[in-house]
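**Q** Next up is a structure, given as structure tokens.
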Amino acid sequence: MTSKVPAAAWALALYLALSLVFFALPIAGDLGSTAIAADDIDASAYMWFFAWWPHALLEGLDPVQTDLIFVPDGYNLAWTTAMPGPSLVLAPFTLTLGPLATWNVIMLIGPALAAWTGFLLCRELTGAVAPSLLGGYLFGFSPYVLANLQGGPNLVLVALLPVLVLLVVRHVRGTLGARAFVVCMTLALAFQFLTSTEVLAMAGVFGAIALAASFALLPAWRARLLETLKLLALAGLAAVVLVSPLLWSMLFEPHTAPEQALKGFPVDLASVVVPSPYQQIATTHDPGGGPSYANGFGYLGVPLAVLLGLFAFESRRSRAARLVLMVLAAVVVASLGRELVVAGEATGIPLPWAVFAELPALQYAIPIRFAAFTFLVAGVAAALWLAWRGGRWRWALALVAVAFLLPDPGNTIWRTPIADPPLFEDDAHEAVLRESDRVLTLPAWGANMRWHAEAGFGFQLAGGYVGAFPKSYMRYPAWRTLLSGRVTSRSAADLRRFVRDKGVTMLLVDPRHGGPWRRLFGTLGVPPRQVGGMLVYRLRPS
């Protein structure tokens, strides 16, 4: 591993092997019918995205503004986590093996790729392979990534974050030319936008903090930093041009805002040292066990916190170390949200993020997701600490820190069986559904998005789920009833109004979905047929 290329290759192979051992091996026999996810609600929405982008482009449809879900109003996908970039790159998997295969591929390679690019950044900064391997692991297999393996592939694919930093570092150091920097940075920014606009936006915020700190702490590099900043602005403009069609729909077309993100979702201070149940060191591995505030996103563990403290103390005279610590402090404080929360209790103590959270573009940012940047900087700090001063006790502490972060392989929180009704497992739906049908399903969200994709988008969906429900649906009491399962004396009348206004021609009910639905749908005066494991109500000709 003396040559840089073999070192990088071996590092990637190692991280891929770890990902397979942690997440694939425990479900190896069921991988074709199991999603690495906590449930099939978010997973089904993303599977719809994976299938939608190649389908829309191959069929010449508008891929951003679709009228096949939430009919007749349609939906602007620019304000969803639609992941057009990864969906198109992985289209061969989706078209040949199905969207479930694409989902599992992302969940398996996402941690490994993030760890690998983290390794490349750490090696650039330290020149040492072993410390960089550990630093890359701390980022790629961090509790932040483990938490998002439950249902956030757009947040698992954070491998470009170290790349963005690496490009800046190499240009400032003079090892990457201006033209190559602009081209590579443009492509990285554009693809990150097409993966997660939220992650890109926060990369801009914390990147600006890092650049400002660099100007303040590294006066000898200011000329190079200014040159890099100019080229970075040029790359940003070029990236805007590349993604302009999607950006236009996001900024100027009607859309449904993700208002659920306005709730805050901060990192609980106690969760920094209290592990989540999917951590190997946790006292319980039952999903939902342990303290409710220990959601894993911000969990550092005591050993890693001690390591970072030692790094801060021992390197306090180093300008480079102070730069790392300044960025780390900014990210950690921001992740705590607007108000300090400790062990589930709001303390009333205001925090700096309260100022930024009111800005138009940042009001939808979710503080617990800033932990991605926390672990990236923590990985860099750990690699620097090990590389600058060796010693067995240092490595012992670093390995204990890794042990405190190890996942619990085979935890059921990463195991969701996918068992669709026979109507959608084969071509039986073609004899029942027509392209002009407007279909209301039960469940009203979750699995129905996967069914829609498996049917080749061969009908219109009265409803769906892509992250947030449009007001044109939420204003109907019947829709809220279908989501919650709470039936009242007015539900029958509300349902008739909803069906009439949305032009529903068919109801499809999965009988495994419990609730008083037979009685409620019976008020429509149409007897159901059992077809392909589902109850089919034909309301009117399509």
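For what it's worth, our numbering labels the leading residue of the sequence shown as 60, then goes sequentially.
Note that the Cβ used here is the ideal one computed from N, Cα and C, for glycine as well.
1) By a C-beta neighbour count over all protein chains shown, 10 Å radius and 16 as the cutoff for buried, is MET533 buried or exposed?
2) Kindly indicate which three-state DSSP category GLU373 falls into: helix, strand or coil?
3) I'd like the list of long-range same chain contacts for PHE250, defined as Cβ closer than 7 Å, with 5 residues on each side in sequence excluded.
4) Distance check for ALA94 and LEU566, CA to CA, integer angstroms please.
5) Considering only residues of the same chain and omitting the five flanking positions on each side of ASP101, which have a CB-CB separation below 6 Å?
6) Tell me whether ILE425 is buried or exposed, calling it buried when 16 or more other Cβ atoms sit within 10 Å of its Cβ.
7) With the cut-off set at 9 Å, would you say VAL228 and ILE165 are in Cβ contact?
8) Kindly identify the DSSP beta-bridge partner or partners of GLU312.
9) Closest to LEU71 by C-alpha separation, out of PRO575, PHE152, VAL242 and LEU192, would be which residue?
10) Can you confirm whether the segment 130–137 touches the segment 536–543 when touching is taken to mean that 3 or more C-beta pairs between the two stretches lie within less than 8 Å?
11) Output the boundary residues of the alpha helix (DSSP H) element that contains ILE427.
12) Taking the continuous alpha helix (DSSP H) assigned at ILE168, which residues delimit it?
13) In the DSSP assignment, find the unbroken beta strand (DSSP E) run with VAL595 in it and report its ends.
14) Go through its chain and collect everything with a Cβ distance to LEU399's Cβ below 7 Å, but skip five positions before and after it.
15) Within the same chain, show all residues whose beta-carbon is closer than 8 Å to that of ARG378, passing over the 5 residues directly before and after it, in chain order.
16) Measuring straight from C-alpha to C-alpha, what distance separates TYR196 and VAL123?
17) Who are the Cβ neighbours of THR161 in its own chain at under 6 Å, not counting the five residues just before and after it?
18) Using the Cβ count rule (16 or more neighbours within 10 Å means buried), how would you classify SER92?
19) Where ALA552 and THR315 are concerned, what is the direct C-alpha to C-alpha distance, given to the nearest angstrom?
20) Give me whichever residues DSSP pairs with ILE128 in a beta bridge.
21) Got a sec, what are the start and stop residues for the alpha helix (DSSP H) GLY301 sits in?
22) Return the residue from the list ALA68, LEU458 and LEU501 that minimises the CA-CA distance to LEU172.
**A** Judging by the given coordinates:
1) The count along the sequence shown starts at 1 and reaches residue 533 at position 474. Exposed, by the Cβ-count rule.
2) One-based indexing of the sequence shown puts residue 373 at position 314. GLU373 falls in the helix class under three-state DSSP.
3) Position 191 of the sequence shown, counted from the first residue, corresponds to residue 250. Around PHE250: GLY144 and LEU219.
4) One-based indexing of the sequence shown puts residue 566 at position 507. One-based indexing of the sequence shown puts residue 94 at position 35. Answer to the nearest angstrom: the Cα atoms are 27 Å apart.
5) The residue given as residue 101 occupies position 42 in the sequence shown. Within the same chain, ASP101 has close Cβ partners GLY210.
6) Here residue 425 refers to the residue found at position 366 when the sequence shown is read from its first residue. Classification of ILE425: buried, given that the 10 Å Cβ count is 16 or more.
7) Translated into positions along the sequence shown, residue 228 becomes position 169. Translated into positions along the sequence shown, residue 165 becomes position 106. Taking 9 Å as the Cβ cut-off, VAL228 and ILE165 do not qualify as a contacting pair.
8) For the purposes of this step, residue 312 is taken as residue 253 along the sequence shown, with counting starting at 1. Looking at the DSSP assignment, GLU312 forms no beta bridge with any residue, so it has no partner.
9) Locating residue 71 in the sequence shown gives position 12, where the first residue counts as 1. Checked all of PRO575, PHE152, VAL242 and LEU192; the closest Cα to LEU71 is LEU192.
10) no
11) Against the sequence shown, residue 427 aligns to sequence position 368. No alpha helix (DSSP H) contains ILE427, which DSSP labels as neither H nor E.
12) Here residue 168 refers to the residue found at position 109 when the sequence shown is read from its first residue. Per DSSP, ILE168 belongs to the alpha helix (DSSP H) from 158–185.
13) Translated into the one-based positions of the sequence shown, residue 595 becomes position 536. 593–597 is the extent of the beta strand (DSSP E) around VAL595.
14) Sequence index remark: in the sequence shown, residue 399 carries index 340 (1-based). Here the set comprises LEU328, THR406, ILE408 and LEU410.
15) By one-based count along the sequence shown, residue 378 stands at place 319. Around ARG378: LEU276 and LEU277.
16) Mapped onto the sequence shown, residue 196 falls at position 137. Mapped onto the sequence shown, residue 123 falls at position 64. Straight-line Cα distance between these residues: approximately 36 Å.
17) Here residue 161 is taken as the residue at index 102 of the sequence shown, counted from 1. Around THR161: PHE109, LEU149, PHE152 and THR153.
18) In the sequence shown, residue 92 corresponds to position 33, counting from 1. The residue is exposed, with fewer than 16 neighbouring Cβ atoms inside 10 Å.
19) What you label residue 552 is simply residue 493 of the sequence shown in a count that begins at 1. What you label residue 315 is simply residue 256 of the sequence shown in a count that begins at 1. Cα to Cα, ALA552 sits roughly 27 Å from THR315.
20) Position 69 of the sequence shown holds residue 128. DSSP lists LEU520 as partners of ILE128.
21) Working through the sequence shown from its first residue, we reach residue 301 at position 242. The residue asked about is misnamed: residue 301 is Leu in this sequence, not Gly. Run containing LEU301: 281–301, per the alpha helix (DSSP H) assignment.
22) The residue you call residue 172 lines up with position 113 of the sequence shown. That would be ALA68, whose Cα lies nearest to the Cα of LEU172.
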